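Number of protein chains: 2
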Amino acid sequence: MNIRHLTFRLLQVYVTVVKAGTVSQAARRLHLTQPTVSQQLRRLQDAVGEPLLESRHGRLQPTEAGREFYRACQDALGRFDDYDDYLSALRGGERGRFSIALVNTAQYVLPRLLGPFSQTFPQVEVSVHIGNRQQMLARFERQEDDIYVFSHPPSLEHALAARFMRNPLVLVGPAGHPAAKAERVAISDLLGERFLLREVGSATRMMFDSWLQEQGVSLGATMQLASNEAIRVGISSGLGLALLSEHVLAPSDRSLAKLPVEGLPIESYWQFIVWRDRRLPHAALAFLRFADEHLETWVESQWLRNEVGRLVHYFDLD
Amino acid sequence: MNIRHLTFRLLQVYVTVVKAGTVSQAARRLHLTQPTVSQQLRRLQDAVGEPLLESRHGRLQPTEAGREFYRACQDALGRFDDYDDYLSALRGGERGRFSIALVNTAQYVLPRLLGPFSQTFPQVEVSVHIGNRQQMLARFERQEDDIYVFSHPPSLEHALAARFMRNPLVLVGPAGHPAAKAERVAISDLLGERFLLREVGSATRMMFDSWLQEQGVSLGATMQLASNEAIRVGISSGLGLALLSEHVLAPSDRSLAKLPVEGLPIESYWQFIVWRDRRLPHAALAFLRFADEHLETWVESQWLRNEVGRLVHYFDLD
DNA sequence: ATGATGTATAGACGATTGTCTATGAGCGAG
DNA sequence: CTCGCTCATAGACAATCGTCTATACATCAT
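The listed protein sequences derive, respectively, from chains A and B.
Just so we're aligned, residue 458 is where the first sequence starts under the working numbering, counting upward by one.
Just so we're aligned, residue 458 is where the second sequence starts under the working numbering, counting upward by one.
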């Protein structure tokens with residue numbers, strides 16, 4: 458059997474003929490002329506090298522080889538029909554997978570969107586990569602993920618960004634700290650305190666350093682800690698103060714207090730970053746669309762800042 | 458997805474590319490040039506309407522849609538590979554089905570061949586139709602079966618025949634009959650006896666009638682019985698004499714005796730009859746081939762008469 | 001015989017495929 | 001920065017496909 462020139466069309470014709478029982482009937486169903494169908498059948502039988510149909514009392518009956526061939530056709534055609542269904546699910550973004558990379562701190566906010574999204578599209582498999590800014594930048598450079606979440610994005614020359622949430626950075630101290638009750642405090646009044654810092658290279662650290670420089674001050678005692686969690690614990694046990702995302706202050710957590718330092722908060726934003734020329738999986742686009750449409754539902758209005766529409770729009774036009 | 462112009466060849470190319478990981482590699486394996494493969498891939502992706510491959514660190518990786526498409530290809534190609542295996546089994550006659558129609562009396566001889574054949578080709582499904590000559594002739598006219606077994610075939614204008622076994626017709630009487638011990642008897646000396654006959658239209662009856670006419674004699678008392686079995690019982694219980702196939706005299710059956718009538722036995726032969734222009738299923742051909750080759754093994758040499766080779770040869774050349 | 005219905009064959013033709021060569025562009029290892 | 005891979009695109013061309021119309025042949029029921 459020479460399979461090379463077998464077209465799926467040919468299989469469809471064959472299946473129709475077997476179902477219809479006559480060539481003419483099949484031709485009518487297929488909106489073809491009878492000779493066309495006859496000829497296709499001949500080609501098919503030539504390709505298979507075996508008669509597939511024989512005429513028994515006026516109707517075309519498949520031969521033994523033809524019956525089995527019919528089954529094979531049904532299976533193959535069915536398989537590609539299934540694939541077609543799969544494709545449309547994929548295209549609709551209801552299915553498939555995508556990966557998203559977050560810097561550590563985004564863990565506090567992204568689950569609010571990812572959770573409901575996964576509920577709505579249970580067939581979509583999301584890989585979430587979490588790491589520090591350095592690691593995420595490396596992934597970004599290697600284009601290992603479909604969507605990145607940064608607060609302070611790298612160069613946007615080949616990438617697009619869309620803000621989706623405010624991320625004000627505030628100075629945090631232990632609950633009982635005197636400045637917490639003040640109306641307003643100058644940073645210079647706090648330089649005697651020890652400051653707890655994330656490692657150089659972290660976004661918060663970068664922002665803090667440049668803000669301090671702007672204010673024309675520099676810190677005294679500092680202590681470097683590896684995670685925001687460690688810093689939180691450190692603050693509440695009186696180890697010092699720190700600049701933190703306001704999201705880190707869980708409403709229920711009474712052991713920390715925001716200090717009303719002049720010139721703060723530093724406004725920054727969580728944003729989705731996507732490579733401009735990278736093909737975005739449908740599922741990833743579906744997530745962005747979901748974020749765009751449902752941000753209001755899952756994020757308190759005080760944090761809202763929805764620019765995701767632009768991004769969706771950009772990729773929708775592809 | 459537009460399936461119409463998808464060729465299996467195209468699927469093979471795609472599968473090879475995915476396995477090879479690069480277009481060039483695949484091209485080499487397929488003995489094609491690289492641009493050819495590139496172009497096929499493009500056509501394929503156009504047909505599917507979705508990118509199937511993307512280049513990740515130097516190798517081509519299937520996309521989500523591509524991975525699933527790959528599976529669909531494997532399934533479809535595998536399905537037709539299986540069909541190919543099936544086909545060759547069919548062609549080899551190791552598998553499939555055929556039908557054979559026998560006149561009643563052939564039941565005594567055909568199982569000797571069919572039994573061993575079925576043992577050798579357990580995958581072949583044989584339908585055996587048994588009836589009287591009239592019924593079998595009707596089936597023959599309507600071409601309902603692949604092979605017919607007649608002792609006295611109908612017109613052979615559009616059919617081919619091959620003798621495979623002697624079928625001498627002898628006069629049979631009860632064991633104690635005086636003529637059984639004689640050296641030779643003339644039929645005229647037996648006309649006082651009652652004769653047991655099959656119905657008009659049965660082959661044996663036809664042969665007997667024309668033989669009697671040749672001898673210029675006619676029977677006195679007769680009795681018509683519907684089956685050879687009934688006739689056997691009738692003879693042994695002294696109801697009369699009958700012309701029967703010598704095969705009917707089981708060696709162990711001591712209640713019947715062959716009467717050495719002059720001018721007998723009438724030589725006749727079991728033969729396979731096949732429509733000349735009917736496509737013979739491979740399995741049917743395999744049976745004839747089997748009969749041709751193994752007749753000596755399963756049939757005592759005294760009955761042998763093998764002309765089946767001619768038939769096999771005729772259809773082999775198709 | 002005469003239609004009616006179904007199938008096969010032949011000839012025609014534009015669209016698509018399968019293949020090539022030539023050439024240019026991208027990229028990772030020297 | 002160039003070499004040696006890789007891939008993509010363009011142009012060419014014969015073979016094959018997917019269709020059609022016209023016509024002849026085969027059955028079967030008038």
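The C-beta atom is built at its ideal place from N, Cα and C for all residues, glycine as well.
None of the values given here were measured: they were computed from a predicted structure.
What H462/A touches in chain B, judged by beta-carbon distance under 9 Å, is T464, F465 and R466, going in chain order. The beta carbon of R554/A falls within 8 Å of a beta carbon belonging to chain B, placing the residue at that interface. Contact annotation: V472/A and Q531/A have beta-carbon atoms nearer than 8 Å. The alpha-carbon of A748/B is positioned some 8 Å away from that of F574/B.
Taking the C-beta atoms as reference points, A683/B is found no nearer than 8 Å to I692/B. Scanning chain B for C-beta atoms nearer than 8 Å to the C-beta of D532/A yields D532, A533 and R536, reported in chain order. Cβ-Cβ distances below 7 Å link A619/B to Q728, F729, E764, V765, R767 and L768 in the same chain, with the five nearest sequence neighbours on each side left out; the list follows chain order.
Proximity of D603/B to chain A, defined by a Cβ-Cβ separation below 8 Å, is not satisfied.
In the structure shown, S694/B adopts coil according to DSSP, grouped into three states. Take L701/A, set aside five residues on each side of it, and the residues of its chain with a beta-carbon closer than 6 Å to its own are V629, in chain order.
A741/A and S725/A have their C-alpha atoms spaced approximately 24 Å apart.
Between E582/B and the set P738/B, F621/B and D773/B, the nearest pair of CA atoms involves P738/B. Rounded to whole angstroms, the gap between the alpha carbons of G633/B and V566/B is 27 Å. The alpha carbon of D710/A has as its nearest neighbour, out of L716/A, V718/A, R689/A and E719/A, the alpha carbon of R689/A. Proximity of P508/B to chain A, defined by a Cβ-Cβ separation below 8 Å, is satisfied. Pairwise C-beta distances place the region 639-656 of chain B in contact with the region 669-684 of chain B, as three or more of them are shorter than 8 Å. Between L617/A and R466/A, the CB-CB gap reaches or exceeds 8 Å. The beta carbon of R486/A sits closer than 8 Å to those of T473 and A477, all from its chain and outside the five residues before and after it, given in chain order. For A595/A, no CB of chain B lies under 8 Å from its own CB, so it is not counted at the interface with that chain. When 9 Å is used as the limit between beta carbons, L547/B is near these residues of chain A: E507, E521, A522 and E525, in chain order. Closest in C-alpha terms to N589/B, from the list I604/B, L559/B, E521/B and S612/B, comes L559/B.
Between P508/A and R736/B, the C-beta gap is smaller than 8 Å, which places the two residues in contact. For H586/A, the enclosing beta strand (DSSP E) starts and ends at V581 to G588. In the DSSP assignment, M622/B is bridged to W727/B and L761/B.
Judged by DSSP secondary structure, R499/A falls within the alpha helix (DSSP H) whose first and last residues are Q491 to V505.
In this structure, the straight-line span from the alpha carbon of R554/B to that of I723/B is close to 35 Å. Chain B has a Cβ within less than 8 Å of the Cβ of L544/A.
Looking at E521/A, A483/A and L626/A, the one whose alpha-carbon comes closest to that of F665/A is L626/A. Straight-line measurement puts the Cα of K715/B at about 35 Å from the Cα of D603/B.
The C-beta distance from A522/B to L547/A rounds to 6 Å, short enough to meet the 8 Å contact threshold. P738/B belongs to the set of residues whose beta carbon lies under 8 Å from a beta carbon in chain A. Between F621/B and P611/B, the gap from beta carbon to beta carbon reaches 8 Å or more. The alpha-carbon of L498/A is positioned some 9 Å away from that of V480/A. L468/A and Y527/A have their C-alpha atoms roughly 8 Å apart. Listed as beta-bridge partners of M663/B by DSSP are no residues whatsoever. A direct Cα-to-Cα measurement between V606/B and Y540/B gives close to 33 Å.
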